[in-house]
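Engineer: Take the sequence shown: its letters are residues -19 to -1, 1 to 313, numbered as in mature numbering (1 follows the signal peptide of the UniProt record, and there is no 0). Heads up, the beta-carbon is just placed ideally off N, CA and C, and yes, glycines get one too. Here the structure is a predicted model, which is why all the values come from computation and not from measurement. Here's a structure for you.
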Amino acid sequence: MMLRILFLALTLFGTQALAAPPSNVLLRPIELDTGSGTLYGSLVLPKSSQPVPVVLIIAGSGPTDRDGNNPIGGRNDSLKKLAWRLAQNNIASVRFDKRGIAQSQPAGPDERQLNLDQYVTDAVAWGDKLKSDPRFGKVFVLGHSEGALIASLAAPRIGAAGVISIAGTGRPVGELLREQLQRNKLPPALLQRSFELISTLEAGRTDDNVPKDLEVIFRPSVQPYLISLLRYNPATAFAAMKMPALIIQGTHDIQVEVKDAHLLKAAKPDAVLTLINGMNHVMRIVPMDMKRQIQSYNDPNQRLAGELGDRTVRFITKVNAGQPFSSAHNGR
């Protein structure tokens, strides 16, 4: 079971949930011509006579689509529900399918040619598109899981007004991967080979000698992407940002730990840290029971954690209004 969770995390790579968007909100398709393929997304736009703040929402790793759904992990509509929650408070959002995923699949290169920097470049292009649109005011960037690292790297280039990291790791992925593999209690020989592969990738080299049981994570075709991911330290990227930032982490997340949120906070002391008691990786309140956890990944009807929406809306509203939002506002 833990290997399945690991696959979800690292393969290439209270408010009640609404059944429908509010009536005063427009839903529109939106697309971005990158010059190397078109990316497709969804715009959620509150009806307003004045420009409204807009949030660029970046999904997590693997084949996770704009709504937070994954053909391996299931449908939970987490990012779609978050977008509707923002719209209730006069905040627009754009969420999109990354290249190679869902509707943007044709824009994806061969897996061997994909790298994290391309995702960052695409996020910057989306941000520039939103900044040039007169319907929008300040642009915020929100990333979930691996999307939090992409958000941290893209936000300075966009000139974003603020950044929201949800379930973002504070450690290099190599360290996180070693820890998860060790926790998975692999046979000693397989664990040793896993560590050797990680070290080789961290050194920027590929290794085609991958045991069958490890191909789901280390298959040769995904190794170039892993090399691009492993060279970044999320805490360093987070520290380099000059704009206001909000860190949100659930205490019942089985993929990313609370200590990662504290590492991000230590890297950027003026960031706001909010720990949401009982929230898991897909932003639901779920007990620390593996069966219940897995079920939540494939339950679009389960409510988002109410505090998640409340804290996100409060941060965007205050920063948009030019009001100070410092570490003094920490919830915990």
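Please determine if the stretch 58 to 74 and the stretch 20 to 29 are in contact, where contact requires at least 3 C-beta pairs separated by less than 8 Å.
Structural biologist: yes
Engineer: I need the DSSP call for glutamate 238, collapsed to helix, strand or coil.
Structural biologist: The count along the sequence shown starts at 1 and reaches residue 238 at position 257. Note: glutamate 238 maps to coil in three-state DSSP.
Engineer: Identify the continuous alpha helix (DSSP H) that holds valine 300 and give its terminal residues.
Structural biologist: For this step, residue 300 is matched to residue 319 along the sequence shown. Counting along the chain, the alpha helix (DSSP H) containing valine 300 begins and ends at 287 to 301.
Engineer: Can you find the residues in the same chain that come closer than 6 Å, C-beta to C-beta, to serine 180, ignoring five residues on each side of it along the sequence?
Structural biologist: For this step, residue 180 is matched to residue 199 along the sequence shown. Excluding sequence neighbours, serine 180 sits near nothing in its chain.
Engineer: Classify asparagine 50 as buried or exposed, calling it buried when 16 or more other Cβ atoms lie within 10 Å of its own Cβ.
Structural biologist: Numbered from its first residue, the sequence shown carries residue 50 at position 69. Buried, by the Cβ-count rule.
Engineer: Which parts of the stretch 22 to 80 are runs of the beta strand (DSSP E), unbroken and 3 residues or longer, counting only runs that do not cross its ends?
Structural biologist: Runs found: 33 to 39 and 73 to 77.
Engineer: Between arginine 9 and the rest of its own chain, which residues show a CB-CB distance below 7 Å, the 5 nearest in sequence each way excluded?
Structural biologist: Translated into the one-based positions of the sequence shown, residue 9 becomes position 28. Close CB contacts of arginine 9 within its chain, under the 7 Å cut and outside five residues either way in sequence, are with Leu24 and Leu26 (chain order).
Engineer: Given a cut-off of 8 Å, decide if glycine 118 and valine 33 are closer than it, judged by their beta-carbon atoms.
Structural biologist: Translated into the one-based positions of the sequence shown, residue 33 becomes position 52. Translated into the one-based positions of the sequence shown, residue 118 becomes position 137. It is a contact, given that the beta carbons lie within the stated cut-off.
Engineer: Can you round the beta-carbon distance between threonine 217 and alanine 248 to whole angstroms, since I take them to be within the 8 Å contact cut?
Structural biologist: Taking the first residue of the sequence shown as position 1, residue 217 is located at position 236. Taking the first residue of the sequence shown as position 1, residue 248 is located at position 267. Yes, threonine 217 and alanine 248 are in contact; Cβ-Cβ is about 7 Å, under 8 Å.
Engineer: What does residue 339 pair with, by DSSP beta-bridge criteria?
Structural biologist: Outside the displayed range of the chain (-19 to 313) lies residue 339, so it cannot be described from this structure.
Engineer: Relative to the alpha-carbon of serine 209, which residue among Leu167, Ser175, Leu245 and Gly155 has its alpha-carbon at the smallest distance?
Structural biologist: Counting from 1 along the sequence shown, the entry for residue 209 is found at position 228. The shortest Cα separation from serine 209 among Leu167, Ser175, Leu245 and Gly155 belongs to Gly155.
Engineer: Using C-beta distances below 7 Å, list every residue in its chain close to leucine -17, excluding the 5 sequence neighbours before and after it, in chain order.
Structural biologist: Indexing the sequence shown from 1 puts residue -17 at position 3. Unreliable placement is indicated for leucine -17, whose pLDDT of 41 sits below 50; the coordinate value is still reported in the next sentence. Correct list, in chain order: Asn165.
Engineer: Quick one: measure Cβ to Cβ for glycine 22 and isoleucine 39, integer angstroms, because I've assumed they're closer than 8 Å.
Structural biologist: Indexing the sequence shown from 1 puts residue 22 at position 41. Indexing the sequence shown from 1 puts residue 39 at position 58. Not really, about 11 Å apart at Cβ, beyond 8 Å.
Engineer: If you drop the 5 nearest sequence neighbours on each side, which residues of the same chain put their C-beta closer than 7 Å to that of arginine 93?
Structural biologist: As a working note, residue 93 is residue 112 in the sequence shown. The answer, listed in chain order, is Ser202 and Pro205.
Engineer: Output needed for aspartate 58: all residues of its chain with C-beta closer than 7 Å, excluding positions within five of it in sequence on either side, in chain order.
Structural biologist: The residue given as residue 58 occupies position 77 in the sequence shown. Taken in chain order, the residues that qualify are Asp48, Gly49, Asn50 and Pro281.
Engineer: Going by the C-beta, is methionine 260 closer than 7 Å to any heavy atom of the ligand GTP?
Structural biologist: The ligand GTP is not part of the structure shown, which contains no ligands of any sort.
Engineer: DSSP beta-bridge partners for residue 314?
Structural biologist: Absent from the structure is residue 314, since the part of the chain shown begins at -19 and ends at 313.
Engineer: Cutting at 6 Å between CB atoms, please list the residues of its own chain near glycine 139, excluding the five before and the five after it.
Structural biologist: Position 158 of the sequence shown, counting from 1, holds the residue named residue 139. Rather than glycine, the amino acid found at residue 139 in this sequence is isoleucine. Result list for isoleucine 139: Val105 and Gly108, in chain order.
Engineer: Considering only residues of the stretch 92 to 164, which uninterrupted beta strand (DSSP E) runs meet the minimum length of 3 residues and lie entirely inside it, listed in chain order?
Structural biologist: 117 to 125 and 143 to 147
Engineer: Would you give the residue range spanned by the alpha helix (DSSP H) that alanine 216 belongs to?
Structural biologist: Counting from one through the sequence shown, the residue named residue 216 turns up at place 235. Counting along the chain, alanine 216 sits inside the alpha helix (DSSP H) bounded by residues 215 to 220.
Engineer: Counting Cβ pairs closer than 8 Å, one from the stretch 211 to 225 and one from the stretch 186 to 197, do we hit at least three?
Structural biologist: no
Engineer: In this structure, what does DSSP give as the bridge partners for valine 253?
Structural biologist: What you label residue 253 is simply residue 272 of the sequence shown in a count that begins at 1. Answer is Leu227.
Engineer: Can you give me the C-alpha to C-alpha distance between leucine 7 and alanine 170, rounded to a whole angstrom?
Structural biologist: For this step, residue 7 is matched to residue 26 along the sequence shown. For this step, residue 170 is matched to residue 189 along the sequence shown. Taking the straight line joining both Cα atoms gives about 55 Å.
Engineer: Which residue from Gln274, Tyr213 and Lys62 puts its Cα closest to that of glycine 287?
Structural biologist: Position 306 of the sequence shown, counted from the start, is the residue given in the question as residue 287. Looking at the Cα atoms, Lys62 is the closest of the given residues.
Engineer: Could you give the DSSP three-state label for valine 6: helix, strand or coil?
Structural biologist: Taking the first residue of the sequence shown as position 1, residue 6 is located at position 25. Correct three-state label for valine 6: strand.
Engineer: With burial defined as no fewer than 16 other Cβ atoms inside 10 Å of the residue's Cβ, what is the status of serine 277: buried or exposed?
Structural biologist: Along the sequence shown, one-based indexing puts residue 277 at 296. Buried: at least 16 other Cβ atoms inside 10 Å.
Engineer: Contact check, leucine 37 vs valine 120 under 8 Å by CB: the rounded distance?
Structural biologist: In the sequence shown, counting from the first residue as 1, residue 37 sits at position 56. In the sequence shown, counting from the first residue as 1, residue 120 sits at position 139. Going by Cβ atoms, the distance from leucine 37 to valine 120 rounds to 7 Å, so yes, they are a contact pair.
Engineer: Roughly how many angstroms separate the alpha carbons of asparagine 301 and glutamate 196, rounded to a whole number?
Structural biologist: Here the question's residue 301 lines up with position 320 in the sequence shown. Here the question's residue 196 lines up with position 215 in the sequence shown. Each residue's alpha carbon lies about 46 Å from the other.
Engineer: Looking only at its chain, what residues have a beta carbon closer than 8 Å to the beta carbon of proline 52, apart from the 5 residues adjacent to it on each side?
Structural biologist: Within the sequence shown, residue 52 is the residue found at index 71, counting from 1. If we look at proline 52 and ignore the five residues flanking it on each side, its Cβ neighbours are Pro44.
Engineer: Is the separation between the beta-carbon of histidine 262 and that of alanine 148 shorter than 8 Å?
Structural biologist: One-based indexing of the sequence shown puts residue 262 at position 281. One-based indexing of the sequence shown puts residue 148 at position 167. It is a contact, given that the beta carbons lie within the stated cut-off.
Engineer: Between the C-alpha atoms of glutamine 69 and valine 35, what's the straight-line distance to the nearest angstrom?
Structural biologist: In the sequence shown, residue 69 corresponds to position 88, counting from 1. In the sequence shown, residue 35 corresponds to position 54, counting from 1. Computed Cα separation, rounded: 13 Å.
Engineer: Once you ignore the five residues that flank glutamine 84 on each side, which residues in its own chain have a CB closer than 7 Å to its CB?
Structural biologist: Position 103 of the sequence shown holds residue 84. Same-chain partners within the cutoff: Tyr21 and Asp78.
Engineer: By a C-beta neighbour count over all protein chains shown, 10 Å radius and 16 as the cutoff for buried, is aspartate 103 buried or exposed?
Structural biologist: Counting from 1 along the sequence shown, the entry for residue 103 is found at position 122. Burial call: buried.
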